[in-house]
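K.L.:
The numbering of the sequence shown is UniProt numbering, which starts it at 1 and goes up by one.
Below is one structure. I have some questions about it.
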Amino acid sequence: MDNANAELIERFYHAFQDLDAEAMSACYARDIRFEDPVFGTLRGREAGDMWRMLLSRAADFSLTYGDIKATGQTATAKCVATYRFSRTGRKVVNEIRSKFAIRDGEIVEQTDTFNLWRWSRQALGLKGWLLGGTSIVQNRIRAEARKGLADYRRQAAS
Numbered sequence: 001m002d003n004a005n006a007e008l009i010e011r012f013y014h015a016f017q018d019l020d021a022e023a024m025s026a027c028y029a030r031d032i033r034f035e036d037p038v039f040g041t042l043r044g045r046e047a048g049d050m051w052r053m054l055l056s057r058a059a060d061f062s063l064t065y066g067d068i069k070a071t072g073q074t075a076t077a078k079c080v081a082t083y084r085f086s087r088t089g090r091k092v093v094n095e096i097r098s099k100f101a102i103r104d105g106e107i108v109e110q111t112d113t114f115n116l117w118r119w120s121r122q123a124l125g126l127k128g129w130l131l132g133g134t135s136i137v138q139n140r141i142r143a144e145a146r147k148g149l150a151d152y153r154r155q156a157a158s
């Protein structure tokens, strides 16, 4: 990795491996825009709080990452997060592709993509296998994730 933007992404994923949400958030600009299939679009401190919540609940967690490519003010990477889903205790191996936009040495946009049906099959078991590809179950997953984040943020503020 020969440029500062690739080093920024390396720092972000190294912090992720270490379950260090504060170091991950330090890679973000104040006006970060984060998006993924579960949480949808998060902005600003909300994105850092998502990592704080997720990493505070992480069980049997490991992360591998690589294929970091940075060109100009954009970067891409791949990672595999392995963990136990807190609600069901089931093991999840989530393969994620990320795209980043970078400005002044900070991540201003991060878009993570992964197969939500594959995730739901692992996290929810038979229900995810049978219904995880439907909009009803996927919308419920999203609603529960957003509610969990809102609850976490309320508790953190008090």
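Just so you know, even glycine gets a beta-carbon here, dropped at the ideal spot from N, CA and C.
Nothing here was measured: the structure is a model prediction, and the numbers come from that model.
Which residue wins for smallest C-alpha separation from Asn3, given the options Ile96, Arg57, Gly105?
P.N.:
When each option's Cα is compared against that of Asn3, the closest is Gly105.
K.L.:
I'd like the list of long-range same chain contacts for Leu55, defined as Cβ closer than 7 Å, with 5 residues on each side in sequence excluded.
P.N.:
Closer than 7 Å at the Cβ level, and outside the excluded window around Leu55, lie Leu19, Ala21.
K.L.:
Rounding to the nearest angstrom, what Cα-Cα distance links residue 165 and Ser158 in this structure?
P.N.:
A query on residue 165 cannot be resolved here, the shown segment of the chain reaching from 1 to 158 and no further.
K.L.:
Counting Cβ pairs closer than 8 Å, one from the stretch 110-119 and one from the stretch 81-100, do we hit at least three?
P.N.:
As far as the Cβ criterion goes, the stretch 110-119 touches the stretch 81-100, which means the pair count is three or higher.
K.L.:
Take every Cβ of the stretch 135-146, pair it with every Cβ of the stretch 120-127, and state whether three or more of those distances are shorter than 8 Å.
P.N.:
Because the criterion of three Cβ pairs below 8 Å is met, the stretch 135-146 and the stretch 120-127 touch.
K.L.:
Given a cut-off of 8 Å on the beta-carbon distance, is the pair Ala26 and Ala70 in contact?
P.N.:
No, they are not a contact pair.
K.L.:
Phe39 and Met50: beta carbons closer than 8 Å?
P.N.:
A contact, by the Cβ cut-off of 8 Å.
K.L.:
Tell me whether residue 161 sits in a helix, a strand or coil according to DSSP, three-state version.
P.N.:
Nothing about residue 161 can be read from this structure; the chain reaches only from 1 to 158.
K.L.:
I'd like the span of the alpha helix (DSSP H) that includes Arg11, first residue to last.
P.N.:
Unbroken alpha helix (DSSP H) run through Arg11: 4-17.
K.L.:
How big is the Cα-Cα spacing for Arg152 and Asp36?
P.N.:
Note that residue 152 is Tyr in the sequence shown, not Arg. Cα to Cα, the separation comes out at about 18 Å.
K.L.:
Please say whether Ala81 and Asn94 have beta carbons closer to each other than 8 Å?
P.N.:
Yes; because the gap between Cβ atoms is below 8 Å, this pair is in contact.
K.L.:
Shorter than 7 Å, the distance from the beta carbon of Val137 to the closest heavy atom of the ligand GTP, or not?
P.N.:
Among the components modelled here there is no ligand, and therefore nothing to report on the ligand GTP.
K.L.:
Reducing DSSP to helix, strand and coil, say where Thr158 ends up.
P.N.:
Rather than Thr, the amino acid found at residue 158 in this sequence is Ser. Coil at Ser158, not helix or strand.
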